[in-house]
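Visitor: Quick one: the structure is below, and I'll ask about it shortly.
Numbering (my numbering), first residue to last: 989 to 1096.
Written as structure tokens, this is what we have:
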């Protein structure tokens, strides 16, 4: 189980670092339209809350939030409006945290 948590944490970290790199390329070097800074900050905050509250007890929420980040970036890449993509990301991310917190607190 510890290896799964480690891999989940690594997947989440790589998703966040990739997103941050893409953000820097798009917003600083202007190769593409600017990405939403609120979404990036929200992603880092959701990840911090998840790791702080449930990351040490279960692995699946880490993978799920990494998948939410991937979904958000895919939606942005495919041209969906930033507000819609941000809404989908926040609802999915908060949903992952809520379900993970409930399942972890029921176990203990």
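Don't be surprised by glycine CBs; every beta carbon is placed ideally from N, CA and C.
Can you tell me the Cβ-Cβ gap for residue 1034 and residue 1053, rounded? I've got them flagged as a contact below 8 Å.
Guide: 7 Å
Visitor: Taking the alpha helix (DSSP H) that residue 1006 belongs to, which residues open and close that run?
Guide: 990–1016
Visitor: Would you identify the three-state DSSP class for residue 1055, choosing helix, strand or coil?
Guide: Secondary structure at residue 1055: helix, using DSSP grouped into helix, strand and coil.
Visitor: Which residues in the same chain as residue 1021 place their Cβ atom closer than 8 Å to its Cβ, once the five residues preceding and following it in sequence are excluded?
Guide: 1014
Visitor: Beta-carbon within less than 7 Å of residue 1078's beta-carbon, same chain only, minus the 5 sequence neighbours each way: which residues are those?
Guide: 1030
Visitor: State buried or exposed for residue 1038, treating a residue as buried only when at least 16 other CB atoms are found within 10 Å of its CB.
Guide: buried
Visitor: Which first and last residues belong to the alpha helix (DSSP H) in which residue 1041 is found?
Guide: 1025–1041
Visitor: With DSSP as the reference, label residue 1069 as helix, strand or coil.
Guide: coil
Visitor: Quick one, which of 1000, 1088, 1024 and 997 has its alpha-carbon nearest residue 1071's?
Guide: 1024
Visitor: Can you list, in chain order, the residues of its chain with a C-beta nearer than 7 Å to that of residue 1042? Leave out the 5 residues immediately preceding and following it.
Guide: 1049, 1088, 1089 and 1092
Visitor: Roughly how far, in whole angstroms, is the beta-carbon of residue 1026 from the beta-carbon of residue 1007, given that I think they are within contact range, below 8 Å?
Guide: Contact doesn't hold; Cβ gap of about 13 Å is too wide.
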